[in-house]
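Heads up: the structure comes next, in structure tokens.
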Amino acid sequence: MILKLEDSERRVAQLEDIEAVRQLKCEYARCLDAMINENGPAQAVLDTFSEDATWESLHFGVYQGYAQLSEFLASCKNKISFSLNFVMNQIIEISPDGGSATARWTTWAPLTIGGKPMLMAGLYKDAYVKRNAQWLTSRAELTVKFVSDYRVGWAEERISKLWTWDQESREGTNVA
């Protein structure tokens, strides 16, 4: 099989885009952990998102744009005193025009919430946009599969009572 130069260039560009999206999600996890564990800047997490991005989860609510995302990140810092986020098992699809992408990820995180050792697992379903040759998250949707005290385990307690967010205090929040 003989590949035309244009086909090779397109395929290489697609592979580079897939790697850039993977790196972006890893940077998000790293910055989130640094924000919680080391009092790192929330702006570093925000920098992985487009300004009009949406972050959504049944257990957290819906946050759109930098202002609401900043509020959400502040609430994370207040509730979670330790986190180590792993993102893996990614399936990344780049659009034919190379300007957008979608991805699915599995996430796993040991956490400390209210002084209790917790384990969390979930699935991310994300969308990305490429702006000025830079990939940004335009939508992140987290489905939490379990979050439980590791001493109790997810078989006994799928979603811990410690895992509640004050969603009703925010106007405009849609919680499914």
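Note that the working numbering gives residue 117 to position 116 of the sequence shown, counting from 1, and the numbers run on in steps of one. Note that the Cβ used here is the ideal one computed from N, Cα and C, for glycine as well.
Would you mind stating whether residue 49 and residue 137 have Cβ atoms separated by less than 8 angstroms? It is a contact, given that the beta carbons lie within the stated cut-off.
Take residue 119 and list the residues in its own chain whose beta-carbon comes closer than 8 angstroms to its own, dropping the five residues that flank it on each side. Here the set comprises 111, 112, 113, 148, 149, 150, 151, 161, 163 and 164.
With respect to the beta strand (DSSP E) encompassing residue 93, which residues constitute its N-terminal and C-terminal limits? 87 to 95 is the extent of the beta strand (DSSP E) around residue 93.
What does the alpha-carbon distance come out to for the pair residue 95 and residue 101? Just so you know, the alpha carbons of residue 95 and residue 101 end up roughly 6 angstroms apart.
Is the region 16 to 32 touching the region 65 to 72 in the sense that three or more CB pairs, one from each, lie closer than 8 angstroms? As far as the Cβ criterion goes, the region 65 to 72 does not touch the region 16 to 32, which means the pair count is below three.
Alpha carbon to alpha carbon, how far is residue 107 from residue 132? Give it in angstroms, no decimals. Near 26 angstroms, if we compare the C-alpha coordinates of residue 107 and residue 132.
For residue 9, count the other beta carbons within 10 Å of its own beta carbon; 16 or more makes it buried, fewer makes it exposed. Which is it? By the Cβ neighbour-count rule, residue 9 is exposed, with fewer than 16 other Cβ atoms within 10 Å of its own.
For the alpha helix (DSSP H) containing residue 81, name the first residue and the last one. Per DSSP, residue 81 is not a residue of any alpha helix (DSSP H); the beta strand (DSSP E) it occupies stretches across 81 to 84.
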